[in-house]
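J.: There's a structure below that I have some questions on.
Residue numbers (this note's numbering), protein chains in the order written: chain H, 188 to 570; chain D, 150 to 457.
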């Protein structure tokens, strides 16, 4: 452990714990959460570690309060995070929308478990992927990241904080029980090697600051409560000063920017991992644990002589429309394994636009795919 | 008007078990014992809404299910609201003659997290609306089902995974236990009581009384958790009794706003109770003294309420 309490070195830890450590490296010093299987370990780790690095952990009375508290923490000037799973994620939705509307940087870790409702609390699913995009009412852009390993839980939690600060928006880590409870080697580099995007502080004098006046990239700098900046934060439709302006014009201006700041910065936000796509007949497009399980099927298919590539969506939202469109022109089929009845596959299908076949490999959750089922879909796609 | 209430005694308890044995509770689970006693007192003309928590998860999965009565698993936060719906539904169906006129006890069952934290809004709403139902809070003083996280019902000084006795914050839980019975009393409902399975007849009488009164009733039952409190598995009844004898968890009832202490003897030192539990092992003598002072003070307040 380094002097400032950050861990450095090689560790054997599960995905939940790795995410907590990633948050600490990213500078998160406030965590508000509520116990829920299989995300409890994130909160437990933060409860133990935050006091050691001068941060604050609070266990809230429910997930509604947890999400609200991290919005407050972020406005207070502290990088803030919460973690949860299905039922808690549902409870957070209204406050998640408040975070999007008030452009509050924060990170929400969702260790997905099998739903609907209480479902299978201790078992995996990727059933909340569309909820991540559309869960709160109204129109807003979403950034959601899907790690495939404990190492990525560490690294991508840092990425999530960076993106949330850069684009002033809540960022979702859409992990799942398999990755959250998987224990593996996690390498934590020294702080000098970790890239941190600091809060976009106002550069104008205090009396000229407009809290919702965006820079050229559509993102406004953020003054913190108590620093002398005058601001007014509201969930109502507001103008650049932050004051409610309830007209169609103000709505158009604000909401269009909330959507565009994600949509028009897609190239900067989206992270993809590609392998063997050039010359492929079939491309397996997946994310999170399913992408990792698919690797075995891809290997077996390649041994059979099928030309198969991999497109792993490290960020699922915003969706890489252009990339899918381009690939679709060159291949026969996409194979999309996901632990649900077909969510992200709808986006792949939309972007492929009929240029390539789209084969869903569904799974209702409770376990991961049998790689043979994915292999069978690859075979089908190659014919 | 005085209502006649049922008394229970050794030879008068029914052998019927609406909450059957064979559940998945930990060895020595104080909560399962408390639920069993409560169900013996209530009988089978009940409809139960059970929040997510230990009791739900240990008692419901087949083939080990303990419930021989109608039982609904709700969510974590909505037990009192679901019970409100059941009560209103029965009332309407009986009024319209769709089902026979019969008294059915609507029972909400929840742990301390589901009561004092996430479910307090639904509970307050149901108490305020005055539904004729019984809310039983089985308080094991932390989120035990998810692995011992603090709740607002965790006592000061107890170590849990989210309020650990750590290097920087050494005391564990830094806040005092939320006084849920007082919150229930503040709703001006006809009956509020505290109970413990270490005093089985007292518990059964209170649960029965809660079911017999017209309107909402709230019973707060201390349910010793040997796993979370880090005590030997044969100690839960003993520890439960010590909680009462030391004043950590006094037994009392509040009928129409009138307080009555049910066990009122000279208090034993809390140290005897704390020293027997792993969750308090880190406490310094100073902290134990602080807890003693708090308990003495709270007990004096309660006594004053009972005598005024």
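All residues carry an ideal CB built from backbone N, CA and C; glycine is no exception.
Remember, it's a predicted structure, so these values are computed and weren't measured experimentally.
Pop quiz: residue 309 of chain D and residue 333 of chain D are said to be a contact at Cβ under 8 Å. What is the actual Cβ separation, rounded to whole angstroms?
T.: So it is not a contact: roughly 24 Å between Cβ atoms.
J.: Take every Cβ of the region 192-204 of chain H, pair it with every Cβ of the region 373-386 of chain H, and state whether three or more of those distances are shorter than 8 Å.
T.: Result yes; three or more Cβ-Cβ pairs closer than 8 Å.
J.: Quick check on residue 542 of chain H: does DSSP put it in helix, strand or coil?
T.: Here residue 542 of chain H sits in coil by DSSP.
J.: Nearest to residue 374 of chain D by CA position, among D/368, D/388, D/362, is which residue?
T.: Checking every option, the nearest Cα to that of residue 374 of chain D belongs to D/388.
J.: Does any residue of chain H have a CB that is nearer than 8 Å to the CB of residue 258 of chain D?
T.: No, because no Cβ of chain H sits closer than 8 Å to the Cβ of residue 258 of chain D.
J.: According to the neighbour-count rule (16 or more other Cβ atoms, all chains shown, within 10 Å of its Cβ), is residue 298 of chain D buried or exposed?
T.: That one is buried.
J.: Assign residue 424 of chain H to one of three DSSP states: helix, strand, or coil.
T.: Coil at residue 424 of chain H, not helix or strand.
J.: At a cut-off of 7 Å, would you count residue 366 of chain D as near the ligand GTP, judging by its Cβ distance to the nearest heavy atom?
T.: Among the components modelled here there is no ligand, and therefore nothing to report on the ligand GTP.
J.: Given a threshold of 16 other Cβ atoms within 10 Å of its Cβ, counted over all protein chains shown, does residue 272 of chain H qualify as buried or as exposed?
T.: Counting Cβ neighbours within 10 Å, residue 272 of chain H comes out buried, since at least 16 surround it.
J.: Please list, in chain order, the chain H residues whose beta carbon lies closer than 8 Å to that of residue 312 of chain D.
T.: By Cβ distance, chain H contributes 234, 246.
J.: Does residue 286 of chain D come out as helix, strand or coil in the three-state DSSP assignment?
T.: The answer is strand: DSSP assigns residue 286 of chain D an E or B state.
J.: In the DSSP assignment, what residue or residues form a beta bridge with residue 220 of chain D?
T.: D/197, per the DSSP bridge assignment.
J.: Can you grab the Cα-Cα spacing for the pair residue 405 of chain H / residue 447 of chain H, in whole Å?
T.: Taking the straight line from one Cα to the other gives about 7 Å.
J.: Could you tell me the distance, in whole angstroms, from the CA atom of residue 315 of chain D to the CA atom of residue 229 of chain D?
T.: In a straight line, the C-alpha of residue 315 of chain D is about 36 Å away from that of residue 229 of chain D.
J.: Does residue 249 of chain H come within less than 8 Å of chain D when only Cβ atoms are used?
T.: So, interface residue.
J.: Does DSSP classify residue 300 of chain D as helix, strand or coil?
T.: Three-state result, residue 300 of chain D: coil.
J.: From the DSSP output, read off the bridge partner residues of residue 269 of chain H.
T.: Note: residue 269 of chain H sits in a beta bridge opposite H/295.
J.: Are there 16 or more other CB atoms within 10 angstroms of the CB of residue 528 of chain H, so buried, or fewer, so exposed?
T.: Burial call: exposed.
J.: Just to confirm the assignment, what range does the beta strand (DSSP E) spanning residue 361 of chain H have?
T.: That run of the beta strand (DSSP E) goes 357-363.
J.: DSSP has residue 370 of chain H in a bridge; who is on the other side?
T.: Paired residue(s): H/201.
J.: Straight-line CA distance for residue 277 of chain H to residue 453 of chain D?
T.: When rounded, the distance between both Cα atoms is 45 Å.
J.: What are the boundary residues of the beta strand (DSSP E) that residue 228 of chain H is part of?
T.: Segment 227-236 is the alpha helix (DSSP H) holding residue 228 of chain H; no beta strand (DSSP E) there.
J.: Excluding sequence positions up to five away, which residues of its chain have a Cβ less than 6 Å from the Cβ of residue 439 of chain D?
T.: Taken in chain order, the list of residues that qualify is empty.
J.: Taking just the CA atoms, how far does residue 263 of chain D sit from residue 245 of chain H?
T.: So the alpha carbons of these two residues sit roughly 18 Å apart.
J.: Who are the neighbours of residue 317 of chain D on chain A, taking C-beta pairs under 7 Å?
T.: No chain A is present in this structure, whose protein chains are H and D.
J.: How is residue 242 of chain D classed by DSSP in three states: helix, strand or coil?
T.: Of the three classes helix, strand and coil, the one that applies to residue 242 of chain D here is helix, per DSSP.
J.: Since residue 311 of chain D and residue 401 of chain D should fall inside the 8 Å C-beta cutoff, what is the C-beta to C-beta distance between them, to a whole number of angstroms?
T.: With 8 Å as the limit, residue 311 of chain D and residue 401 of chain D do not qualify as a contact, their Cβ atoms being about 30 Å apart.
J.: Measure the alpha-carbon distance for residue 357 of chain D versus residue 183 of chain D and round it to whole angstroms.
T.: Computed Cα separation, rounded: 13 Å.
J.: Which word fits residue 363 of chain H, buried or exposed, when buried means at least 16 other C-beta atoms lie within 10 angstroms of its C-beta?
T.: Residue 363 of chain H should be labelled buried.
J.: If you compare alpha carbons, which of H/402, H/209, H/251 is closest to residue 270 of chain D?
T.: Of the listed residues, the one whose Cα sits closest to residue 270 of chain D is H/251.
J.: Which residues in the same chain have their Cβ closer than 6 Å to the Cβ of residue 427 of chain D, if we skip the five residues on either side of it in sequence?
T.: Once the five neighbours on either side are set aside, the close Cβ partners of residue 427 of chain D are 379.
J.: Considering only the beta carbon of each residue, do residue 298 of chain H and residue 504 of chain H sit closer than 8 Å?
T.: Contact flag unset, no.
J.: Can you tell me which of the three DSSP states residue 372 of chain D falls into?
T.: Here residue 372 of chain D sits in coil by DSSP.
J.: Is residue 551 of chain H buried or exposed, if buried means 16 or more other CB atoms sit within 10 Å of its CB?
T.: Looking at its Cβ environment, which holds fewer than 16 other Cβ atoms inside 10 Å, residue 551 of chain H is exposed.
J.: Look up residue 417 of chain D in the DSSP assignment and say whether it is helix, strand or coil.
T.: Residue 417 of chain D: coil per DSSP, three-state reduction.
J.: Quick one: Cα of residue 195 of chain H to Cα of residue 239 of chain H, how far?
T.: Taking the straight line from one Cα to the other gives about 15 Å.
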